[in-house]
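Structure record follows, encoded as structure tokens.
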Amino acid sequence: MAVIVDVYQDKRKTGNNLWYGRAWHPGILDTRALAKRIEQNVSVKESDVYAVLIELAEVMSYELQSSNKIHLDRFGYFGVSLRTTGALTEADFSIKEHIKNAKVIFTPEYTRDGAGEGSKLQSRALGAKGDFQFVIKNPVPKP
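Just so we're aligned: the sequence shown equals residues 1376 to 1518 in the numbering used here.
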């Protein structure tokens, strides 16, 4: 299991011609495929898992649109983030004029040892570089 890195050159007119890496995704797992994978690890039928996943998506969508954050234990947090432009005064701020974009953000979760004995602090790191193994998609031999 490793994250595949696609190495590419920045060839934009404003680019610097340097080489960068980006995650490459060989496929997409849909809800049905996730249900099948989950069924292999639990004593619940795929159809039941699928129904729960479908409802999870519905409920999460509703709750995010209601401005709530969602915390999935041992996974992370989902919330809405806004991109806005500034207004000169608070009274001048207009939803129609100043909100440019909204998106759902995900903040991974993990626990780490705290300062005290047995203490655990919530923090973000699922998805930190050290949590993954990486492999280059099409490695070029070094001269």
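Even for Gly, the Cβ is constructed at its ideal location relative to N, Cα and C.
Quick caveat, the model's predicted, so the values are computed rather than measured.
Q1384 beta carbon less than 7 Å from that of W1399: Position 24 of the sequence shown holds residue 1399. Position 9 of the sequence shown holds residue 1384. With respect to the 7 Å criterion, W1399 and Q1384 are not classified as neighbours on the basis of their beta carbons.
My assumption, with CB atoms under 8 Å, is that L1524 sits in contact with V1382. Please give the rounded CB distance. Absent from the structure is residue 1524, since the part of the chain shown begins at 1376 and ends at 1518.
Return the chain-ordered list of same chain residues with a C-beta closer than 7 Å to the C-beta of V1424, the five sequence neighbours on each side being excluded. Position 49 of the sequence shown holds residue 1424. Here the set comprises A1410, I1413, E1414.
For L1439, does the three-state DSSP call read helix, strand or coil? Stepping through the sequence shown from its first residue, residue 1439 is reached at position 64. Helix.
Take R1458 as the anchor and find which of K1475, K1388, R1449, G1396 has the nearest alpha-carbon. Within the sequence shown, numbered from 1, the residue matching residue 1458 stands at position 83. Here the closest residue by C-alpha is K1475.
Which residue's Cα is closest to the Cα of E1433: T1406, F1509, G1451? The count along the sequence shown starts at 1 and reaches residue 1433 at position 58. Of the listed residues, the one whose Cα sits closest to E1433 is T1406.
Ordered along the chain, which non-local residues of its own chain (more than five positions away) have a Cβ less than 6 Å from that of I1403? Taking the sequence shown and counting its residues from 1, one reaches residue 1403 at position 28. Counting only Cβ-Cβ distances below 6 Å, and skipping sequence neighbours, we find nothing.
State the DSSP-derived secondary structure class of V1510, mapped to helix, strand or coil. As a working note, residue 1510 is residue 135 in the sequence shown. In this structure, V1510 counts as strand in the three-state DSSP scheme.
Check D1381 in the structure and name its three-state DSSP category. As a position in the sequence shown, residue 1381 is number 6, starting the count at 1. Secondary structure of D1381 (DSSP, three-state): strand.
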